[in-house]
Each structure stands twice: as structure tokens, then as C-alpha cells.
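Once you know that position 282 of the first sequence is 281 in numbering that gives the first Met the number 0, the rest is easy, because the numbers rise by one and skip nothing. Cβ coordinates follow ideal geometry from the N, Cα and C atoms, glycine included.
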Amino acid sequence: MKNVYDVFMERGFVEQTTDDEAISQLLDRQEITCYIGFDPTATSLHIGSLVPIMALAHIQRHGHRPIALIGGGTGLIGDPSGKTEMRQVLTREQIDYNAQCLQEQLSRYLDFGEGRALLLNNADWLTKLNYIEFLRDIGRHFSVNKMLAAESYKVRLEKGLNFIEFNYMLLQAYDFLYLFKNHDCVMQMGGNDQWGNMLAGSDLIRRMEGKTAHSMTFPLITTSTGHKMGKTEKGTVWLDARLTSPYEYYQHWINTEDEDVERFLALFTFLPIDEIRQVRALTDVSLNMAKAVLAFEATRITHGEEAAAGAWQASSRAFQPKPVAEGLFPSSTIPRRGGAEDLSAIPSLELPLETIQSGMTTNELFFRTGLCASKGEARRLIEQGGAYINDVQVVSFDEKIDMHHTDALGVIRLRKGKKKHFLVIVK
RNA sequence: GGAGGGGUUCCCGAGUGGCCAAAGGGAGCAGACUGUAAAUCUGCCGGCUCAGCCUACGGAGGUUCAAAUCCCCCCCCCUCCA
0 MKNVYDVFME RGFVEQTTDD EAISQLLDRQ EITCYIGFDP TATSLHIGSL
50 VPIMALAHIQ RHGHRPIALI GGGTGLIGDP SGKTEMRQVL TREQIDYNAQ
100 CLQEQLSRYL DFGEGRALLL NNADWLTKLN YIEFLRDIGR HFSVNKMLAA
150 ESYKVRLEKG LNFIEFNYML LQAYDFLYLF KNHDCVMQMG GNDQWGNMLA
200 GSDLIRRMEG KTAHSMTFPL ITTSTGHKMG KTEKGTVWLD ARLTSPYEYY
250 QHWINTEDED VERFLALFTF LPIDEIRQVR ALTDVSLNMA KAVLAFEATR
300 ITHGEEAAAG AWQASSRAFQ PKPVAEGLFP SSTIPRRGGA EDLSAIPSLE
350 LPLETIQSGM TTNELFFRTG LCASKGEARR LIEQGGAYIN DVQVVSFDEK
400 IDMHHTDALG VIRLRKGKKK HFLVIVK
């Protein structure tokens with residue numbers, strides 16, 4: 000039977016490790032404990048954290064014990080790895096609140112029952128550290144010369160690196176040591192930008208305990224056009240349904256580039272690898288089916304079967320794609336034929352009748368729905384012919400909205416460009 | 001602590017008294033082409049009651065008819081010296 004390491008390899012989870020051979024054997028022979036850290040910089044994780052999450056899920060599925068470590072303590076410092084500027088410092092309260100949100104979120108992917116997985120927060124031990132003791136016991140094992148040579152600090156050395164951030168590596172190494180000693184954690188995984196910090200942990204354990212603990216990194220996932228997954232600020236695709244609805248989440252995945260479909264199916268779904276390999280033979284419309292499967296499965300994992308079905312239905316309704324062929328991805332539970340008329344998953348907004356009748360113009364409407372960030376933007380959109388009401392192109396931005404725009408159910412269907420659908424429900 | 005160089009719109013980065021809502025690039029949005037793809041081409045890209053007004057060039061003052069640009073103070077960053 001395949002061990003997790005084989006699974007990681009064939010699904011593209013591995014960038015580099017401290018020892019391929021040893022890790023494979025370790026995961027083959029016994030149940031081990033393995034951890035990944037998550038920074039509580041926001042109230043939700045985004046799809047950039049999906050690879051680590053999926054990795055932990057695979058670990059668990061193969062009978063090992065994952066630890067999701069919330070960086071409540073390290074979050075107070077900010078990891079400089081790969082960043083060009085010092086991260087904005089968050090307050091203790093923000094961090095605590097974020098950590099709490101992340102805990103909740105992670106339990107959707109992992110089973111934390113009966114010690115099958117652990118959820119820890121390094122604030123629990125890091126905030127209790129005594130500076131002098133820490134320097135004497137831990138700090139002595141770190142060579143500044145070596146740290147300065149680390150790739151993760153290079154960028155910052157040119158721009159300026161604050162002492163507080165310089166300590167991040169020590170704390171992360173200490174985390175690993177702590178988990179090694181207290182929870183038998185023998186492996187750490189993380190993004191490739193963490194490699195230096197992770198190695199520092201493996202090193203520290205060897206120096207202080209005389210034992211081996213492994214590190215393994217994931218490749219930085221970019222789209223084939225070179226974009227990072229789940230960027231910051233506006234374009235971020237969050238895992239929290241309140242920040243990115245299941246429908247939007249689904250749409251994000253269905254817009255995956257051709258070249259990425261196979262890779263993403265392997266990374267972001269649990270579908271059997273044999274079925275995934277088949278997408279190589281697909282083109283055009285049939286490749287779009289594979290994208291639908293990717294979107295459906297990814298949405299199902301994050302938001303559940305029901306939400307995924309809803310998103311599928313709304314998407315199918317809006318874009319009228321060919322249904323996924325029966326023989327394709329037999330393991331997927333994606334619906335194979337057209338569903339009923341269900342628009343509930345499309346983003347919507349309720350507006351009172353009076354508001355509509357008070358002479359609201361088309362550009363105001365697009366602004367109110369959030370489809371456009373300002374009235375000026377809505378106006379430009381309309382002028383460029385990218386706005387539609389009930390599938391009819393809007394020609395003038397100051398046209399008044401009235402009841403003849405609503406259908407029998409009191410709904411106005413808006414569209415921005417070809418893809419962004421929105422419903423206004425008149426009450 | 002000393003000397004020098006910097007802080008510009010989402011990001012990078014030009015601009016050194018009016019022609020600056022600020023070049024150029026990136027990101028983003030829309031249009032064409034397509035397959036809800038990519039690439040390419042085109043337009044847009046601070047806000048508003050939109051031929052006008054308001055808000056913006058680290059922060060607070062000042063000079064001037066006019067300041068991102070000049071002066072003063074403050075904050076922050078970088079380099080070298082200590």
C-alpha cells in the first residue's frame with residue numbers, strides 16, 4: 000500500500016526534504032506526529048493555505064497524527080521570510096481573535112476528535128519564555144553568520160531587517176523542539192519559504208536532543224501564468240464562506256487555467272490519482288468538465304456537499320455548460336445532469352421597494368450591490384458596455400430602475416461582464 | 001551620536017514651482033477573439049451632485065497668485081562612520 004509520502008510525491012506536494020529516504024521509511028513503518036504552522040494574520044485563511052491543510056488531511060487519512068499549530072505567539076513578531084517589508088504589527092487582541100477563528104476553520108478539514116489531531120497555539124509556551132534563559136539555552140545554538148546567509152533573510156538584508164523579526168527563526172525552531180519533546184512530533188511541513196526556519200528546528204533538535212526530526216516543504220503554488228495563489232487584499236479567495244461565498248469560491252476554481260487543472264486536482268481534491276491523470280487527454284469542452292469537477296470537489300471540501308451542490312447549480316444555470324460526462328471522474332459526486340432552477344447560491348442583496356422606486360439609477364444599483372466599488376466605476380462599466388440587467392446590456396448609466404425590471408418573483412438579475420452574476424431581490 | 005540618501009496614488013517607480021489626479025510598468029476591471037482557459041489586441045483604472053468641484057505625493061506649519069516640487073520643525077527607513 001502507498002504511504003503518505005508516496006501520495007505526497009505523486010500529487011506534487013514535495014519541494015524539498017531533509018531526507019527523502021528516511022521520511023518515506025518513517026511514514027511507512029509507524030504512526031507519527033507531524034506539524035504545520037499557520038499564521039493568524041487574518042480572521043480567515045485563504046486558498047494559499049490550502050496546500051498545507053490538504054497535506055495535514057492526507058497525513059490524518061493515512062493514520063498519522065497531524066498538529067495544526069496556530070502561531071499566536073510568533074504572530075506577535077511577524078515572519079520576515081520572503082517578505083520585502085516588515086509586516087504590520089497586530090495587537091494581542093487581534094491575534095487572539097484570529098487564532099480562535101482559524102481553530103474553528105481548521106476543524107472543517109481535520110478530525111480533532113479523540114486525539115486524532117491536535118490544535119495548538121504557540122502563544123501558550125512562547126509568551127511564557129524568559130529572555131535570559133531563552134538566550135542561554137536556545138540562542139547559543141544559533142550562529143548569526145549562518146542566519147545571515149539564510150535565503151529567507153537575504154532579501155531583507157538589502158532592505159533592512161528588524162531585530163524582532165530576526166528572532167523569528169529561533170522561535171519557530173523552538174516550536175519544533177517543544178512539539179518534539181512534548182508531543183513526539185518528528186516532522187514539520189510548510190511552504191518552501193519556511194525552509195530556513197524549519198531546518199533551524201531540525202538542527203536545534205539534533206543539537207539539544209541528539210535526535211533526528213525531519214522537515215519537508217511544499218512548492219510555492221503559482222498558476223501557470225505566474226500568479227500567486229490567494230493574494231492579499233482585494234483579490235483574495237478566502238476559505239470563510241462569509242468572506243468568499245461558496246459560489247464565488249466555486250467560480251474561482253472553475254476559472255483555473257488549462258495547464259493547471261491536473262496539478263490542482265491532485266493538490267486540492269482527494270480524487271484518485273488515476274482518474275486525475277485522465278485530464279491529460281481532455282481538451283476544450285471536456286477539459287471544462289474537469290474544471291467543473293475541480294471546482295465542485297474543492298468547494299465540497301471547504302464548504303460541504305450541500306454548498307457545493309448549490310454553487311454547481313447556480314453556476315450551471317448562469318453559464319449553461321455541458322454536464323460532466325458519466326465516465327469522467329467516477330469518484331466525484333458532482334451532479335451529472337442539469338439541476339432545477341436554483342439561484343440561491345448566486346450573491347444577492349435585498350432592497351426595499353421604496354429604494355428602487357425613489358428613482359435609483361442603473362449606476363447606483365451596480366454600486367449598491369458591491370459589484371462596483373464606486374459610482375464612477377459603475378458608470379465607466381456601463382459606458383464600456385459591461386453591465387447587464389436581465390441579460391440586456393445597459394446603455395445609459397442614469398436610466399431609472401423601476402418595477403418593470405423585476406421578474407414575477409421580484410428579482411432583478413445583474414451581470415458585470417461575462418462572469419459576475421448578482422441578484423437584487425426587491426422586497 | 002555624526003555624515004549622506006530616501007519616504008509619491010493597490011505595488012514598483014518617474015516627477016524637483018504652474019502644462020500634475022501626477023510618466024512608465026505591474027496588478028485589477030471591461031470589450032474583441034474563445035471553451036466561464038491562456039496568449040494577443042483595445043479601452044478604463046482617486047471620489048463626487050462629473051465640461052465643474054473635492055481629496056491626495058510620510059506628519060504639522062510657512063513662503064508664493066500658484067507647492068509632490070522651496071523653507072522650518074517632527075516621525076520613519078537606508079548607507080557609511082562611531
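Best match in the options for proximity to residue i [C-alpha to C-alpha]
i: A457; options: E247, L281, S357 and N120; result: A question about residue 457 goes unanswered here, because the residues of the chain that appear run from 0 up to 426.
i: D192; options: H404, I31 and T216; result: T216
i: L26; options: K153, Q15, C100 and H61; result: H61
i: I69; options: H57, S106 and I58; result: S106
i: E455; options: S151, A297 and T222; result: In this structure the chain extends from 0 to 426, so residue 455 is not present and cannot be described.
i: H300; options: T40, Q187 and A56; result: Note that residue 300 is Ile in the sequence shown here, rather than His. The residue with the shortest Cα to Cα distance from I300 is A56.
i: A67; options: D38, A297 and T42; result: D38
i: L176; options: E363, L49, C33 and Y387; result: C33
i: I137; options: G416, Y4, Q171 and A116; result: Q171
i: A306; options: T255, L327, K290 and T243; result: T243
i: T412; options: F365, K127 and R379; result: The sequence given here has Arg at residue 412, not Thr. Per the Cα distances, F365.
i: G11; options: G385, Y173, T268 and R414; result: T268
i: Y173; options: M186, L125 and R135; result: L125
i: Q312; options: R279, V292, G384 and E30; result: V292
i: T42; options: R28, F7, Y96 and I131; result: Y96
i: A407; options: F396, I400, D397 and V425; result: V425
i: E92; options: A122, S48 and T222; result: A122
i: Y249; options: S314, L198, A54 and E325; result: S314
i: F111; options: Q383, P65 and K153; result: P65
i: S343; options: P245, I400 and E274; result: P245
i: V50; options: P218, I388 and E398; result: P218
CB of residue i within 7 angstroms of CB of residue j, strictly
i: I204; j: F179; result: yes
i: I345; j: H420; result: yes
i: L350; j: V410; result: no
i: Y167; j: I76; result: yes
i: A297; j: W252; result: yes
i: A377; j: N362; result: yes
i: H213; j: I52; result: no
i: H182; j: A240; result: no
i: G71; j: N120; result: yes
i: E325; j: R335; result: yes
i: D259; j: T222; result: yes
i: V185; j: I58; result: no
i: L370; j: K417; result: no
Three-state class that DSSP yields for residue i in the structure shown
i: A306; result: helix
i: C100; result: helix
i: T298; result: helix
i: Y387; result: strand
i: K426; result: coil
i: I66; result: strand
i: M53; result: helix
i: Y246; result: helix
i: S48; result: helix
i: V393; result: coil
i: F37; result: strand
i: S343; result: coil
i: H61; result: coil
i: L413; result: strand
i: T42; result: coil
Rounded C-alpha distance that separates residue i from residue j
i: D19; j: R276; result: 24 angstroms
i: P271; j: S330; result: 8 angstroms
i: M288; j: Q356; result: 42 angstroms
i: K321; j: V284; result: 8 angstroms
i: A98; j: T90; result: 12 angstroms
i: D390; j: A294; result: 25 angstroms
i: F206; j: H140; result: At residue 206 the sequence reads Arg, which differs from the Phe that was named. Rounded to whole angstroms, R206 to H140 spans 8 angstroms at the Cα level.
i: K233; j: T360; result: Residue placement at K233 is flagged as unreliable, the pLDDT there being 44, under the threshold of 50; the coordinate-derived value follows with that caveat. Straight-line Cα distance between these residues: approximately 26 angstroms.
i: H45; j: G309; result: 21 angstroms
i: A265; j: G375; result: 42 angstroms
i: M402; j: S347; result: 18 angstroms
i: L101; j: H63; result: 22 angstroms
i: N196; j: K145; result: 12 angstroms
i: L327; j: E103; result: 34 angstroms
i: S201; j: T255; result: 36 angstroms
i: V13; j: R262; result: 13 angstroms
i: K158; j: E304; result: 47 angstroms
i: T16; j: K290; result: 31 angstroms
i: E9; j: V394; result: 52 angstroms
i: Q187; j: I35; result: 6 angstroms
i: L198; j: D257; result: 35 angstroms
i: L109; j: K399; result: 51 angstroms
Worksheet entry | Entirely enclosed alpha helix (DSSP H) segments - the region 137-193, minimum 4 residues | Within the region 137-193, the complete alpha helix (DSSP H) runs of at least 4 residues are 143-148, 150-158, 162-165 and 167-182.
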